[in-house]
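Trainee: Chains as they are written, first to last, in the working numbering: chain V, 1 to 396; chain Z, 1001 to 1396. The following block contains the structure, expressed as structure tokens.
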């Protein structure tokens, strides 16, 4: 029962209509992202209960790590308690120390800046590009040319005299960033690259999985992600020494011994429990289907927006050239002329039972990060006013 | 088929014999502590899968918190990802800052000293008493009289000039420490009391649940604990402001809003996922049975040791007067004459398929903590050579 489209209605009404059409006129509230359990989830959970292995020891953790290795192509994978924990340990393992600076996109989930703080280091916010929503590598290169100098193989911020130790780009909403460009920049300036692929499991850049280009990559399996372990994350690396250190640090740095309790350094209780890994094993088996659902939904949104002639007001973000995005969060970008209607659209779509969301708050505007270094952030600031995420996990 | 007891065999052989008798001659390897799932675990997990609520939102977290409130008598409970996370946030919430000192027993699991490190603070190790294995409050009082002075309502270490901000006693292996004594000391010296009840869910001091005496208490639900959520912990407090802050900080300090993503301070991803809370709800329903199993096992060990006339060589640790212990880990204390056989007993019991364990490594001896302040630790050092934990969760 398709409804007639009225050309005089406000943009928010038109967008609600487009969502309705795209989602096949759903009859109840639609969330931004709900998990989908279409495989062996319950049977693996039952196995945990039957064997009593639900916690820090158990075969599902090993199996989940192995299956993630196979899927991502990363040589080593360490499953952890969530993506934030993965970021924290990744930063420690590339040597982020007290007083170092870490380059982060201003347009980003808060976990990265928090993890920098846990290391007593300082976020340094950089700009994004509209095409991928990720770090603009060309702009970054010019900026670093201007503000840094090399000293003993380290990149020094000439103004603050601090070491710029690492750069942590995020593949925002699952869209791969310009990795070739960014790798060139981090190599040129001797900055460690940690890839935040929390949102991009299932996204490939030139046919290689995101999260495997940097010295370390991280994943997240929170409930809103493409697949979930309840709470969970992973550290990806091709470096055995880093992988061993990651496993050691995330399991309280305990010395391996059948009964002795001896600890070798300050460690973390960041291991993923076996019961959460069991869920992950079942979910990962279904990732091809989960990705198909998302791509189909993207096409449906694209078609409806087109059908309702909304292309002057909004566009839907498409995977970058040469990439395959997981389309984790479907993303509308308002055009310049419709940006002033963002809040109205957010309010009315949510009122209409469609859970939509604006971009992440720009990190450099949050009161606790506002005095930290930053470059010109024109594009990120403009994107903040343009982005609306749409319900992103409906099977249609 | 009971075996004959040979008076000439070595102590380790006798202890193996006592374990065998106590556990009714088990036919396979016996672990130190395995979880027991005797209730609604699977049905609650199924409910999570069916409703898709496995992660950061879900009714099991609320229900688990409510049921823990009812069970412990704590006015507020915040479920978190593990006991270490609970300790970290508890320390932050009593104001532990960079350079503060925190009094910890040297004989302790490593999580407390790690959590102090996460706050950039300094562990200050104190001695234990043999009766409870917990902090010796009389000895601590004398020590603090000697080394501290009061200044603006703060306790200052006269030697280091640092603030001694908090004291975090642990109810080791589930046995309540001398709380009345310690509360008197922390009050006298203006030191905040955080009770580490990670090991003592189900243990009561003067009929009041451990973890509810300090400004904050913490619990753990790791796989080896009396009940498990896979991985998990909780913060207990009677102070609403602290409880609200704990919930806020452990859920990334996100401002409450239907769709905006706005963060108010550096926060943590420490929430307990709903699927882990589901397990906790089922386990907590069975805590009376779980406690009965442990008490029965204690009595069985006591009887066998008596029967084999081992009382001159070892004694089994009994709940302190006026307390009800959960007997989480059954604990042998070697007498002075048998201490030299500790390693032999550990080795041979493990070889025989009984997973036994020594005491925690004394924290002040670990290389990364060895330069921190400490008092005379004679008793803790003696206890390290005396303690052997026995398999502690067999149903007999």
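Yeah, the Cβ is synthetic: ideal placement off N, Cα and C, and Gly gets one too. Everything numeric in this text was worked out from a predicted model, so none of it was measured.
(1) Helix or strand or just coil, what does DSSP make of residue 318/V?
(2) Check the Cβ of residue 1328/Z against every Cβ in chain V and list those closer than 7 Å, keeping chain order.
(3) Can you give the Cα-Cα distance for residue 1185/Z and residue 1195/Z, rounded to whole angstroms?
(4) With C-beta atoms as the reference, is residue 298/V less than 8 Å away from residue 123/V?
(5) Does the structure place the stretch 1269 to 1279 of chain Z close enough to the stretch 1109 to 1117 of chain Z that three or more beta carbon pairs sit under 8 Å?
(6) Under the DSSP definition of a beta bridge, which residues are partnered with residue 283/V?
(7) For residue 306/V, which option in 13/V, 90/V and 22/V has the closest C-alpha, if you only look at C-alpha atoms?
(8) List in chain order: all unbroken beta strand (DSSP E) runs of 3+ residues lying wholly within the stretch 23 to 101 of chain V.
(9) Kindly indicate which three-state DSSP category residue 1264/Z falls into: helix, strand or coil?
(10) At a CB distance below 8 Å, what residues from the stretch 1339 to 1357 of chain Z approach chain V? Give them in sequence order.
(11) Which partner residues of residue 1330/Z appear in the DSSP bridge assignment?
(12) Mind checking the stretch 1057 to 1081 of chain Z against chain V and listing, in chain order, the residues whose C-beta falls within less than 9 Å of any C-beta there?
(13) Buried or exposed, going by whether 16 or more other CB atoms sit within 10 Å of the CB of residue 288/V?
(14) From the beta carbon of residue 111/V, is the nearest beta carbon of chain Z less than 8 Å away?
(15) For residue 1223/Z, name the three-state secondary structure that DSSP assigns.
(16) Less than 7 Å between C-beta atoms, sequence neighbours within five positions excluded: which residues of the same chain meet that for residue 139/V?
(17) So residue 193/V and residue 177/V are in contact, right, with Cβ under 8 Å, and what is the actual spacing, rounded?
(18) Less than 8 Å between the C-beta atoms of residue 316/V and residue 345/V, yes or no?
(19) Hey, which unbroken runs of the alpha helix (DSSP H) at 4 residues or more fall wholly within the stretch 1175 to 1259 of chain Z?
(20) Between the Cα of residue 1188/Z and those of 1019/Z, 1204/Z, 1156/Z and 1018/Z, spot the shortest distance and give me the residue it belongs to.
(21) Just curious, the beta strand (DSSP E) that residue 1351/Z is in, first and last residue?
(22) Apply the 10 Å Cβ neighbour rule to residue 1025/Z and answer buried if 16 or more other Cβ atoms are within range, or exposed otherwise.
(23) Determine the direct distance from the alpha carbon of residue 40/V to that of residue 286/V, and round the result to whole angstroms.
(24) Mind the definition here: the stretch 136 to 152 of chain V touches the stretch 66 to 76 of chain V only if three or more C-beta pairs lie below 8 Å; say whether that holds.
(25) For residue 378/V, which residues in the same chain have their Cβ closer than 8 Å to its Cβ, ignoring the five residues on either side in sequence?
(26) Examine chain V for any beta-carbon lying closer than 8 Å to the beta-carbon of residue 1217/Z, and answer yes or no.
(27) Taking 8 Å as the limit between beta carbons, can you name the residues of its chain near residue 1252/Z, skipping five residues before and five after?
(28) Measuring alpha carbon to alpha carbon, tell me which of 373/V, 334/V and 61/V ends up nearest residue 11/V.
(29) Please state whether the Cβ-Cβ distance between residue 1100/Z and residue 1079/Z is less than 8 Å.
(30) Alpha carbon to alpha carbon, how far is residue 1097/Z from residue 19/V?
(31) Does DSSP put residue 1364/Z in a helix, a strand or coil?
(32) Is the beta carbon of residue 1215/Z closer than 8 Å to that of residue 1239/Z?
(33) Can you give the Cα-Cα distance for residue 1313/Z and residue 1338/Z, rounded to whole angstroms?
(34) Which class does residue 165/V belong to by DSSP, given the choice of helix, strand or coil?
(35) So is residue 159/V buried or exposed if we call it buried at 16+ other beta carbons inside 10 Å?
(36) Would you kindly report the start and end of the unbroken beta strand (DSSP E) that includes residue 157/V?
Mentor: Quick look at the numbers:
(1) coil
(2) Correct list: empty, because the minimum Cβ distance to chain V is about 15 Å.
(3) 14 Å
(4) no
(5) no
(6) Answer by DSSP bridge pairing: none, since residue 283/V is not bridged.
(7) 22/V
(8) 76 to 80
(9) coil
(10) 1346, 1350, 1355, 1356 and 1357
(11) 1390/Z
(12) 1057, 1058 and 1081
(13) exposed
(14) yes
(15) coil
(16) 127
(17) Their Cβ separation, rounded to whole angstroms, is 11 Å, which puts residue 193/V and residue 177/V out of contact at 8 Å.
(18) no
(19) 1179 to 1188 and 1240 to 1250
(20) 1156/Z
(21) Unbroken run through residue 1351/Z is the alpha helix (DSSP H), 1342 to 1351; no beta strand (DSSP E).
(22) exposed
(23) 9 Å
(24) no
(25) 127
(26) no
(27) 1263, 1267, 1268 and 1269
(28) 334/V
(29) no
(30) 49 Å
(31) helix
(32) yes
(33) 6 Å
(34) strand
(35) exposed
(36) 154 to 157
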